[in-house]
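Reading through the structure tokens given below for one structure.
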Amino acid sequence: MKVARSLLGKALVVVEHNNAKVSPATLAAVTAASKLGEVTALVAGKGSKSVVDEISKIQGIAKVLAVDSAEYEHGLPENFAPLVKKVQDENKFTHIVAAHTTFGKGVLPRAAALLDTQSVSDVIGVKDENTFLRSTYAGNALASVKSSQALNILSVRPTSFDKAAQGGSASVAQVAATGESGLTKWLADEVDTSGKPDLTSARVVVSGGRGLKAPENFKLLYSLADKIGNCAVGATRAVVDAGFVSNDLQVGQTGKIVAPELYIAVGLSGAIQHLAGMKDSKVIACINTDPEAPIFSISDYGLEGDLFDAVPKLIAGL
Amino acid sequence: INAEYMGTPSECLFFFEMTLKALVSIKRVIDYTVKVRVRPDKLGVIKDNVKHSCNPFDEIAVEQAVRMKEKKLVGEIVAVSIGGPKSVEVLRGSALALGVDRAIHVKLPSDNDDVESLAVAKILHKIAEKEKPDVILTGKQAIDDDSCAVPQMLAGLLGWSQATFISELEVAGKTAKICRETDAGMQRLEVSLPSVISCDLRLNEPRYAKLPEIMKAKKKPLQEITADSLGVSTQPKIQILEVADPPTRAAGRKVKTVEELITKLKTEAKVI
Chain X
398 MKVARSLLGK ALVVVEHNNA KVSPATLAAV TAASKLGEVT ALVAGKGSKS
448 VVDEISKIQG IAKVLAVDSA EYEHGLPENF APLVKKVQDE NKFTHIVAAH
498 TTFGKGVLPR AAALLDTQSV SDVIGVKDEN TFLRSTYAGN ALASVKSSQA
548 LNILSVRPTS FDKAAQGGSA SVAQVAATGE SGLTKWLADE VDTSGKPDLT
598 SARVVVSGGR GLKAPENFKL LYSLADKIGN CAVGATRAVV DAGFVSNDLQ
648 VGQTGKIVAP ELYIAVGLSG AIQHLAGMKD SKVIACINTD PEAPIFSISD
698 YGLEGDLFDA VPKLIAGL
Chain B
153 INAEYMGTPS ECLFFFEMTL KALVSIKRVI DYTVKVRVRP DKLGVIKDNV
203 KHSCNPFDEI AVEQAVRMKE KKLVGEIVAV SIGGPKSVEV LRGSALALGV
253 DRAIHVKLPS DNDDVESLAV AKILHKIAEK EKPDVILTGK QAIDDDSCAV
303 PQMLAGLLGW SQATFISELE VAGKTAKICR ETDAGMQRLE VSLPSVISCD
353 LRLNEPRYAK LPEIMKAKKK PLQEITADSL GVSTQPKIQI LEVADPPTRA
403 AGRKVKTVEE LITKLKTEAK VI
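See the structure below:
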């Protein structure tokens, strides 16, 4: 992707990673940053050399700033924000960008406060170096905003930007660590290691709601997902609250925002807050016994029927 | 002074020294059930004659503070809300009526006025400097602006630990063990106090106000101040050029059978 030479901006992307690989969401942030000017990536972690190597080969990255130190192992904002401030003070970027994920949400606003900057969250479009489109009111009001700040700090929605491809060759420079803040201690991460497709980047998503009636019925959706392939399973807030599935499956305004090629909504009515999380999907299909359910009004294909009858038929017929 | 605690003067003093002080920040927002519509002048959304209520995540923060007070972990709860005249409704109805001791209304000229997250954080910072809370609790994001920034910014300004998107909170002396909801699942942290805590959905289920408490709320102290009096400017750094409706999806069609659905997905939509 060519970067227009007229762009005078210098953007810093704060890379999200697990010390082994760059997160897919960060690759979307790189694309957004590329619209602003020359892109530098900041990798802070512990034992994260493979992350540095990977990001330095991503198209659009001109430079990588790296620091490897214990305090950055778990993405703690109390340790990351002072680092971002220091890197900013030393380099005077015009933009600091990260993905609007748990990590980005934790670090960027804290860094923005240290830099006395009003950050812009959940950016879904970049018009120019000062003008951005962001989502408000659960995606029901899209605000076009213009900043007069010398520094702009943006957290971008990963599904709104293509992931930057490989093919770059960036130089790497080491930066000094800013130390352990001593404010917060990481105890544990309880994450799903089953290797199932990631909800925010799967090509297809199948989601279940209250119509599933019991936790064990989610097996049906997992079977459907397996049959389809590269398909993740999502859920509504209601079934997460009820303990049917874990919170990281929640799709919605304050859960995950997804925009897959195909979203199949099974036994869910389509509350405003759920729609906010999936209405940008390319194709939406639904299965519901209630013909008045709001989900039908945004579905390209709606099947009025019993999911316990339809889903097994779908699995068999695909 | 918490009039409910009947003890000797020295017992009262001991109580306050051993318990934490909680500051809870709440926001009056358009109710989550409302289908929000963009204004004809496209500079905002229609708010006149539209149902408003306390931001749901802030209700969870209030509930958490009240539960901590019931467990005698917290001695005094102060609620603050930054907003126009009608914000007193959420301070009385969603805070004072639920067990919060007193309230501070940082009054904006109009109910249609918005304040950016950084300015909100600066206002809360000034209030915290005066009130000296041990924990500041608020919702993880406001469902109108969806910025999800104030708690993190406030923690940065204060130099405190931040515990965001929490679903579990266990205070133990000078630290708190928290569980928070993340993209990948859950994360457990131990944060030092004082701390800024932002509450997620599953932390608790807020109670409803009962009539005796609603009556008592009318007599609880509610102080009105301005952002100016705190030395904080509410001048926006970001200008809203236009607020637009999201792209509408074309109405779809109903299919009659699973077979028809499969055919359409394969041959028409070509996604399978």
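Order-wise, the sequence lines are chains X and B.
At position 233 of the first sequence (counting the first as 1) the number is 630 in our numbering, and the numbers step up by one without a gap.
At position 157 of the second sequence (counting the first as 1) the number is 309 in our numbering, and the numbers step up by one without a gap.
Backbone N, C-alpha and C define an ideal beta-carbon position, used for all residues, glycine too.
Check: Expected contact under 8 Å - CB spacing of Ile366 of chain B and Gly291 of chain B to nearest Å; Outcome: 22 Å between Cβ atoms; not a contact.
Check: DSSP three-state assignment for Asp513 of chain X, whether helix, strand or coil; Outcome: coil
Check: Beta-carbon neighbours of Thr533 of chain X, restricted to chain B and to distances below 7 Å; Outcome: Asp296, Asp297 and Asp298
Check: Contacts that Gly503 of chain X makes with chain B (C-beta to C-beta distance below 8 Å); Outcome: Gln304, Gln314 and Thr316
Check: Test: Lys278 of chain B CB closer than 8 Å to a CB of chain X; Outcome: no
Check: For Val448 of chain X and Asp559 of chain X, the rounded distance between their alpha carbons; Outcome: 20 Å
Check: is_contact[Lys187 of chain B, chain X] using C-beta, thresh 8 Å; Outcome: yes
Check: Contact set between Ser643 of chain X and chain B, taken where Cβ atoms lie within less than 7 Å; Outcome: Gly337
Check: Spatial distance of Gly404 of chain B from Val267 of chain B (CA atoms); Outcome: 39 Å
Check: Identity of the residue in X:Glu451, X:Val419, X:Ala430 and X:Phe693 nearest Ser566 of chain X by Cα; Outcome: X:Glu451
Check: Residue nearest to Ala384 of chain X in terms of C-alpha spacing, selected from X:Cys628, X:Pro612, X:Asn614 and X:Leu617; Outcome: Residue 384 of chain X lies beyond the stretch modelled for chain X, which goes from 398 to 715, so this question has no answer here.
Check: DSSP bridge partner residues for Ile256 of chain B (one or two, in chain order); Outcome: B:Val232 and B:Gln375
Check: Three or more C-beta pairs below 8 Å linking the region 409–424 of chain B and the region 674–684 of chain X; Outcome: yes
Check: Chain B residues whose Cβ lies nearer than 7 Å to that of Ile455 of chain X; Outcome: Near Ile455 of chain X there are no residues of chain B at all, since even the closest Cβ is about 21 Å away, more than 7 Å.
Check: Three-way DSSP call (helix, strand, coil) for Gln647 of chain X in this model; Outcome: strand
Check: At least three beta-carbon pairs within less than 8 Å, the region 341–350 of chain B to the region 225–243 of chain B; Outcome: no
Check: Per-residue burial, Glu475 of chain X [other beta carbons within 10 Å of its own, 16 or more giving buried]; Outcome: buried
Check: Continuous beta strand (DSSP E) assignments of at least 3 residues falling wholly in the region 506–575 of chain X; Outcome: 517–525, 528–533, 538–544, 549–553 and 568–571
Check: Asp286 of chain B to Leu175 of chain B span [Cα, whole Å]; Outcome: 8 Å
Check: Cutoff 8 Å: Thr499 of chain X Cβ touching any chain B Cβ; Outcome: yes
Check: Residue(s) in a DSSP beta bridge with His204 of chain B; Outcome: B:Ile182
Check: Any C-beta of chain X under 8 Å from that of Pro285 of chain B; Outcome: no
Check: Best match in X:Ala562, X:Ser532 and X:Ala707 for proximity to Thr651 of chain X [C-alpha to C-alpha]; Outcome: X:Ser532
Check: Min CB distance Ser381 of chain B to chain X below 8 Å; Outcome: no
Check: Backbone secondary structure at Thr327 of chain B - three-state DSSP; Outcome: strand
Check: Counterpart residues of Trp583 of chain X in DSSP-defined beta bridges; Outcome: B:Leu341
Check: Three-way DSSP call (helix, strand, coil) for Lys416 of chain B in this model; Outcome: helix
Check: Own chain, CB closer than 6 Å to Glu215 of chain B, minus 5 neighbours either side, in chain order; Outcome: Asn356 and Pro358
Check: Buried versus exposed call for Gln391 of chain B [16 or more other C-beta atoms within 10 Å across all chains shown]; Outcome: exposed
Check: Residues of the region 465–491 of chain X whose Cβ lies closer than 7 Å to any Cβ of chain B, in chain order; Outcome: Pro474, Glu475 and Ala478
Check: Counted within 10 angstroms of its Cβ, other Cβ atoms place Asp645 of chain X as buried (16 or more) or exposed; Outcome: buried
Check: Of the listed residues X:Ser604, X:Leu700, X:Ala459 and X:His492, nearest to Ile550 of chain X (C-alpha basis); Outcome: X:His492
Check: CB of Leu289 of chain B within 8 Å of CB of Ala369 of chain B, strictly; Outcome: no
Check: Residues that Glu241 of chain B contacts on chain X, provided the C-beta gap is smaller than 7 Å; Outcome: What Glu241 of chain B touches in chain X: nothing, since even the nearest Cβ is about 20 Å away.
Check: Arg634 of chain X, enclosing alpha helix (DSSP H) - first and last residue; Outcome: Arg634 to Asp638
Check: Inter-stretch contact (C-beta, 8 Å, three-pair minimum) for the region 567–582 of chain X and the region 611–620 of chain X; Outcome: no
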